[in-house]
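Going by my numbering, the sequence shown opens with residue 61, and the numbers climb by one from there.
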Amino acid sequence: MPFKLDCPKSRLSAVLSSEERAELALAMLEDVLEAVSGLGRVTILLKGLLPEEWLLDHRIRGGGTGSGIEVQDCPKELDEALNLVIEAEGRRGWPSDLLIAMADLPLMRPSDLDGLVKTPGDVVIAPGRGGGTNLILIRDPRFRVSYYGLSFLKHLRKAEELGLSAGVFESFRCSTDIDEPLDLVEVLIHGSGRTQELLRSLGFSLSGKREKARAEFLR
């Protein structure tokens, strides 16, 4: 799970201060960690630093596995960092399949991941809105990731080039990454975890004006 806390979620700057965006990023990370906790070993590829009190609250120390979660310092760019992990697992004989999850999916639940894992394919992709890749389950060490832009289509092409089968897991909750102000509405409606709790504590609430085609938020 790649994660960075330096200037997170800049597209939310119109509605959240830099400190609040950092709080939001950590809250979403907590929700995603809760969702994936039953799948096995969890590694956070960390670019930058996590607050010491957050690490202590989660019984995590850098490089340690206090709660089954390992934090690895990772100064490299996203694709290079993730592909190095894939290569390393391949050299170890591919002891288990590898799930790459983005840390801004606070609606995701264990039942969604159960559906993803049950989807057949050498590679299984849960697409994000707008052509991104929010989750990718890799069952073959030959595969390499290529994020940014239309990464969903790039990953499908990459699998085809390698002769690998690709499954697609469609899920509203897995597709809902939080990047824009209106995305916060989905958390207020559908969320049930730390992220929704934080938004409410910051004064966010739903506004369902009749003349509007969709819900909005108030603060």
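Each residue gets a CB set at the ideal place from its N, CA and C atoms; glycine is no exception.
Secondary structure of residue i, DSSP reduced to three states
i, result
"residue 150", "helix"
"residue 276", "strand"
"residue 103", "strand"
"residue 184", "strand"
"residue 167", "coil"
"residue 96", "helix"
"residue 87", "helix"
Buried versus exposed call for residue i [16 or more other C-beta atoms within 10 Å across all chains shown]
i, result
"residue 165", "buried"
"residue 104", "buried"
"residue 232", "exposed"
"residue 136", "exposed"
"residue 256", "buried"
"residue 101", "exposed"
"residue 190", "exposed"
"residue 188", "buried"
"residue 148", "exposed"
"residue 249", "exposed"
Nearest to residue i (by Cα), restricted to the options the options
i, options, result
"residue 224", "230, 142 and 180", "180"
"residue 146", "98, 196, 186 and 167", "196"
"residue 142", "201, 109 and 92", "201"
"residue 267", "109, 234 and 278", "278"
"residue 131", "151, 247 and 112", "112"
"residue 253", "78, 99, 243 and 95", "95"
"residue 161", "150, 140, 153 and 198", "198"
Distance between beta carbons of residue j and residue i, contact taken as under 8 Å
i, j, result
"residue 89", "residue 63", "6 Å"
"residue 157", "residue 194", "Between residue 194 and residue 157 the Cβ distance is about 17 Å, and since that is not below 8 Å, they are no contact."
"residue 110", "residue 133", "Actually they do not touch by this definition, with Cβ atoms about 10 Å apart."
Taking only runs that begin and end inside the stretch 187 to 269, name each unbroken beta strand (DSSP E) of 3 or more residues, in chain order. 193 to 198, 226 to 228 and 265 to 267
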